[in-house]
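Chemist: This is the structure, below, for whatever I ask next.
Here it is, written out as structure tokens:
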């Protein structure tokens, strides 16, 4: 029996907004795994290490149209309609990144081809997720 799950990904450059200088390129990958159908991961490659952020697919989609998000991740259109601003905040610091709206939209379209909006629960294995929680101390 074949595994119906898949991963959709896209490589793109985000730009880190810095004070007193122009944005600095940050290679990144967007990932969507049907095993976690509600979430999207952004993997930012900063120097020798990578930082992985996980947040709602709907948040990324909504952020293409209007500023949204509460807490650690906020997303919204930039002053330039070709860009989306992604704000990430953690106890260790914060980053404001820009990304091409067209590339994010194309990635999201591919994820919705795999798991249409509203059908995420068909892909979510509640028993497996519950089992994962029972093994944590």
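Numbering (our numbering), first residue to last: 670 to 806. Positions of the beta carbon are idealized from the N, C-alpha and C atoms, including for glycine. In this text the structure is predicted, and so the values were computed from the model without any measurement.
Let me know if residue 687 comes out buried or exposed under the rule of 16 or more other beta-carbons within 10 Å of its beta-carbon.
Modeler: With fewer than 16 Cβ atoms within 10 Å of its Cβ, residue 687 is classed as exposed.
Chemist: Please work out which residues of its chain come closer than 6 Å, Cβ to Cβ, to residue 792, disregarding the five sequence neighbours upstream and downstream, and give them in chain order.
Modeler: 703, 706, 784, listed in sequence order.
Chemist: Whose C-alpha, out of 720, 770, 754, is nearest the C-alpha of residue 692?
Modeler: Comparing Cα-Cα distances from residue 692 to each of 720, 770, 754, the minimum goes to 754.
Chemist: If we count the other Cβ atoms within 10 Å of its Cβ and call it buried at 16 or more, is residue 800 buried or exposed?
Modeler: Answer is exposed; the Cβ neighbour count stays below 16.
Chemist: For residue 684 versus residue 696, is the C-beta distance shorter than 8 Å?
Modeler: The answer is no: Cβ separation not under 8 Å.
Chemist: Only counting the same chain, and skipping five residues up and downstream in sequence, which positions put a Cβ closer than 6 Å to that of residue 749?
Modeler: For residue 749, where only same-chain residues beyond five positions count, there are no Cβ hits under 6 Å.
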